[in-house]
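First comes the structure, then the notes that go with it.
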Amino acid sequence: MLKGFKDFLMRGNVIDLAVAVVMGTAFTAIVSSVTKGVVEPLLAVLGGSGQFGFGVTLVAGKPATFIALGPIISAAIDFVMVAAVLYFALILPMKTMQKRFYAKNNVAAEPSTPADIALLTEIRDLLAERAGRPELGKRDTEQVHSS
Numbered sequence: 047m048l049k050g051f052k053d054f055l056m057r058g059n060v061i062d063l064a065v066a067v068v069m070g071t072a073f074t075a076i077v078s079s080v081t082k083g084v085v086e087p088l089l090a091v092l093g094g095s096g097q098f099g100f101g102v103t104l105v106a107g108k109p110a111t112f113i114a115l116g117p118i119i120s121a122a123i124d125f126v127m128v129a130a131v132l133y134f135a136l137i138l139p140m141k142t143m144q145k146r147f148y149a150k151n152n153v154a155a156e157p158s159t160p161a162d163i164a165l166l167t168e169i170r171d172l173l174a175e176r177a178g179r180p181e182l183g184k185r186d187t188e189q190v191h192s193s
């Protein structure tokens, strides 16, 4: 029972879904508060316009034409920080654990030849034998497939 549960958890799609939904949501709140508390005040200082923050006013004297760049930069920083932490703290260690799990259980890491390629190879070999030239059928499949 526990072995089946362990195998279920070691499948990549379950772990990826858990990382994307649960940890992403929880960590985004932390990064957003850091960005709002640290980055946005720095952008307001750099922008120099005080009330509006970092951005560009298209028509002088009309506050409605102000394009705020600060929130866009803050959102980009949020995204990069969340993605980096999720990758280095969760995804990378999980990939390492999966490699160890598959190596320990002797699970083949390389995918086998697709069924359609294997069938076409068999057909080629049979046609070559029927034509009386078996040397034509025993070519390297990868070489033929890549050209």
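Using our numbering, you'd call the opening residue of the sequence shown number 47 and step up by one each time. Think of the CB as a built atom: it goes at the ideal place given N, C-alpha and C, for glycine as much as any other residue.
About 6 Å separates the beta carbon of V131 from that of F73, a gap short enough to meet the 8 Å contact definition. The beta carbons of G116 and F100 sit closer together than 8 Å. A distance below 8 Å separates the beta carbons of I123 and V85. Counted as a single uninterrupted DSSP element, the beta strand (DSSP E) harbouring T103 occupies residues 101-103.
In the DSSP assignment, A114 is bridged to G101. By the neighbour-count criterion, in which a residue is buried when 16 or more other Cβ atoms sit within 10 angstroms of its Cβ, V68 is exposed. Leaving aside the five residues that flank A129 on each side, none in its chain has a CB nearer than 7 Å to its CB. By the C-beta density criterion, L89 is buried, having at least 16 other C-beta atoms within 10 angstroms. Residues of the same chain with a CB within less than 6 Å of the CB of S120, apart from the 5 flanking positions on each side, are T81, V85, E86 in chain order.
For the pair R146 and S79, the Cα-to-Cα distance works out to about 37 Å. The continuous alpha helix (DSSP H) containing F73 extends over residues 70-80.
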